[in-house]
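See below for the structure under consideration.
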Amino acid sequence: MTMKRLALAAVAASLALPVMAQEMTDAERQVFRSEVRDYLMENPEVLMEAIQVLDQRQQQQQAANESQILSQNADAIFNNEADWVGGNPDGDVTLVEFMDYRCGYCRQAFAEVEDLVKTDGNIRFVLKELPILGEQSTLASRFALAVKMTAGDDAYKSVHDQFFTLRGDVNEATLQRIAGDLGLDWPAVKAEMDSDAISKVIADNMALAQTLQVQGTPTFIIDDTILRGYVPQEGMARIVAQERKG
1 MTMKRLALAA VAASLALPVM AQEMTDAERQ VFRSEVRDYL MENPEVLMEA IQVLDQRQQQ
61 QQAANESQIL SQNADAIFNN EADWVGGNPD GDVTLVEFMD YRCGYCRQAF AEVEDLVKTD
121 GNIRFVLKEL PILGEQSTLA SRFALAVKMT AGDDAYKSVH DQFFTLRGDV NEATLQRIAG
181 DLGLDWPAVK AEMDSDAISK VIADNMALAQ TLQVQGTPTF IIDDTILRGY VPQEGMARIV
241 AQERKG
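Each residue of the sequence shown is one higher than the one before, counting from 1 in this note's numbering.
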């Protein structure tokens, strides 16, 4: 065995030192530690190689853990009847977005995601309301969901698009104006906003986000891949292509 391989083996063995220590005399243990230290001081690149191997293993373990979580929660992620579904409902890849209307990165991603779904033509697109940025976020989310429940999916998507291009605060006057612009029944929408059904949709999304360890918006799920944060359109397109390859 070469010295380099011996040192790598020693590094690995040092991680199991509590077990080995039971089989060594004090003198043997001291010699072992000294030899490992001396070699690593002379050849620090060996330690870097060991760290890289450890990083790779941790990444592989994280990917395996995420895959298991996605599998265990597939229905809630991809097939929740409360979610808006657009793009190609029969698409071969599903793109799920957890979003907040007051999130700057969600606004940055908005046009790019829309363009990706439109130009690809074979992506099933799912939206999940995750209002985590304060009172205005919650107000906007409740309004959008109330529109969906009282006026349907097309009206919901129109509201969704308006919120991501809205300048200014979200308040009751803003919501009433949007409702008027879209020809919606404002009293009906307003009454629905505080319903238990909408509270449940938001609570369920919050619980799912916690299970998936979603810590911010936007968070995307593309079949078996979780993207935590904004990703440029070309990056998302590459991941869609990878998912199609399996």
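From the three backbone atoms N, C-alpha and C, an ideal C-beta is built for every residue, glycine too.
Asked                                                                                                                                                                 : Found
Please classify G87: does DSSP put it in a helix, a strand, or coil?                                                                                                  : strand
Enumerate in chain order the residues of its own chain whose CB-to-CB distance from A94 is below 7 Å, with the five nearest sequence positions on each side excluded. : The sequence as given places Thr at residue 94; Ala does not occur at that position. Contacts found: F78, R124, V126 and D223.
Taking E172 as the reference, give the member of L116, Q30 and L139 with the closest Cα.                                                                              : L139
At the level of alpha carbons, what is the spacing between E45 and G134?                                                                                              : 48 Å
Within its chain, find whatever has a CB closer than 6 Å to the CB of E192; leave out the 5 residues flanking it on each side and keep chain order.                   : A146, M149 and T150
Spell out the partners DSSP gives K128 in its beta bridges.                                                                                                           : F98
Terminal residues of the continuous beta strand (DSSP E) containing F164?                                                                                             : No beta strand (DSSP E) holds F164; DSSP gives it neither H nor E.
Evaluate contact between the region 69 to 76 and the region 205 to 224, counting only Cβ atoms and requiring at least three cross-stretch pairs below 8 Å.            : yes
What do you get for E35, buried or exposed, if any count of 16 or more other CB atoms within 10 angstroms of its CB means buried?                                     : exposed
Which residues in the same chain have their Cβ closer than 6 Å to the Cβ of F220, if we skip the five residues on either side of it in sequence?                      : E97 and L227
Between R142 and D194, what straight-line distance do the alpha-carbon atoms span, to the nearest angstrom?                                                           : 7 Å
Got a sec? Which residues, its chain only, sit under 7 Å from L184 by beta carbon, not counting five neighbours each side?                                            : V147, A151 and A155
Rounding to the nearest angstrom, what Cα-Cα distance links L130 and G104 in this structure?                                                                          : 14 Å
Any idea which residues DSSP pairs T219 with across the strands?                                                                                                      : F98 and R228
Could you tell me the alpha carbon to alpha carbon distance between V31 and D38, rounded to whole angstroms?                                                          : 10 Å
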